[in-house]
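Numbering (our numbering), first residue to last: 21 to 222.
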Amino acid sequence: MESLLTLALITLGLVAIPGPNVALTVANSLRYGTLYGLCTVMGTTVGVGVQLILVVLGIGALLEIAADILTWLKWAGVVYLLWLGYKSWIAPAEDLSTVRAVRAPVWALFSRGLMVAILNPKTLIFNAALLPQFVAPEGEYITQLTLVALVFLTVLTFGDALWAVFAGALRPLMLRFQQLRNRITGGFLIAAGIGLALADRK
Numbered sequence: 021m022e023s024l025l026t027l028a029l030i031t032l033g034l035v036a037i038p039g040p041n042v043a044l045t046v047a048n049s050l051r052y053g054t055l056y057g058l059c060t061v062m063g064t065t066v067g068v069g070v071q072l073i074l075v076v077l078g079i080g081a082l083l084e085i086a087a088d089i090l091t092w093l094k095w096a097g098v099v100y101l102l103w104l105g106y107k108s109w110i111a112p113a114e115d116l117s118t119v120r121a122v123r124a125p126v127w128a129l130f131s132r133g134l135m136v137a138i139l140n141p142k143t144l145i146f147n148a149a150l151l152p153q154f155v156a157p158e159g160e161y162i163t164q165l166t167l168v169a170l171v172f173l174t175v176l177t178f179g180d181a182l183w184a185v186f187a188g189a190l191r192p193l194m195l196r197f198q199q200l201r202n203r204i205t206g207g208f209l210i211a212a213g214i215g216l217a218l219a220d221r222k
């Protein structure tokens, strides 16, 4: 129990340091609103969940040897995020008199979050190294590792959701400063792309 509490605290610390997943969540919350930021969190959660399944099944060590297989996919994600950031950055300020309720492409936001999370080999290798440290020598290894992974994913999702709510709360202010909002949204998208590009496999 104490080890799980330690894991939860470590996970909260990781969430507090914005990475590609958080940057994408914040950008979408500012652009579309809190609910759409939470859709992004759902996507990143599923992506991380897939990685954790691989860790539990022991594929993390295998992928560390053959990680170059995903390199081209990762760079495709980098280019996509940078392109989205650039488009947001140069977007003109909107006429607030014509603003209506936004209907964002929910599936697109979900899948974008999913791809950014699942194609980051750094998090897979990191999780494969971190999570087994919280498994006791005695007991069923797979069962314990599954529990550790669930605790990790739950805390991670909660932290990312807080980022979405925080960014969404700032959205009304950003609506008053359209150009600034576009710059901030674009900046976070670009930051997400750069973060994914710098995600090494060490």
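Positions of the beta carbon are idealized from the N, C-alpha and C atoms, including for glycine.
Only a predicted model underlies this, so the values are computations on that prediction, with no experimental measurement involved.
Check: Is the stretch 48–60 touching the stretch 166–178, taking contact as three or more C-beta pairs under 8 Å?; Outcome: no
Check: Applying the 10 Å Cβ sphere with the 16-neighbour rule, what's the burial state of residue 115?; Outcome: Below a pLDDT of 50, predicted positions are generally treated as unreliable, and residue 115, at 45, falls in that range; the measurement from the model is reported next regardless. So residue 115 ends up on the exposed side.
Check: How big is the Cα-Cα spacing for residue 174 and residue 161?; Outcome: 20 Å
Check: Rounded to the nearest angstrom, what separates residue 138 and residue 67 at their Cα positions?; Outcome: 4 Å
Check: Helix, strand or coil: how does DSSP classify residue 139 here?; Outcome: coil
Check: Would a C-beta distance cut-off of 8 Å place residue 26 and residue 44 closer than the cut-off?; Outcome: no
Check: Evaluate residue 187 with the Cβ neighbour count: other Cβ atoms within 10 Å of its Cβ, from every protein chain shown; 16 or more gives buried, anything less gives exposed.; Outcome: buried
Check: Buried or exposed: where does residue 73 fall if 16 or more other Cβ atoms within 10 Å of its Cβ makes it buried?; Outcome: exposed
Check: Output the distance between the C-alpha atoms of residue 167 and residue 131, rounded to the nearest integer angstrom.; Outcome: 26 Å
Check: Tell me where the alpha helix (DSSP H) around residue 78 begins and ends.; Outcome: Neither: residue 78 is in no alpha helix (DSSP H) and is coded neither H nor E.
Check: Please identify the residue among 218, 217, 207 and 214 whose C-alpha is closest to the C-alpha of residue 46.; Outcome: 207
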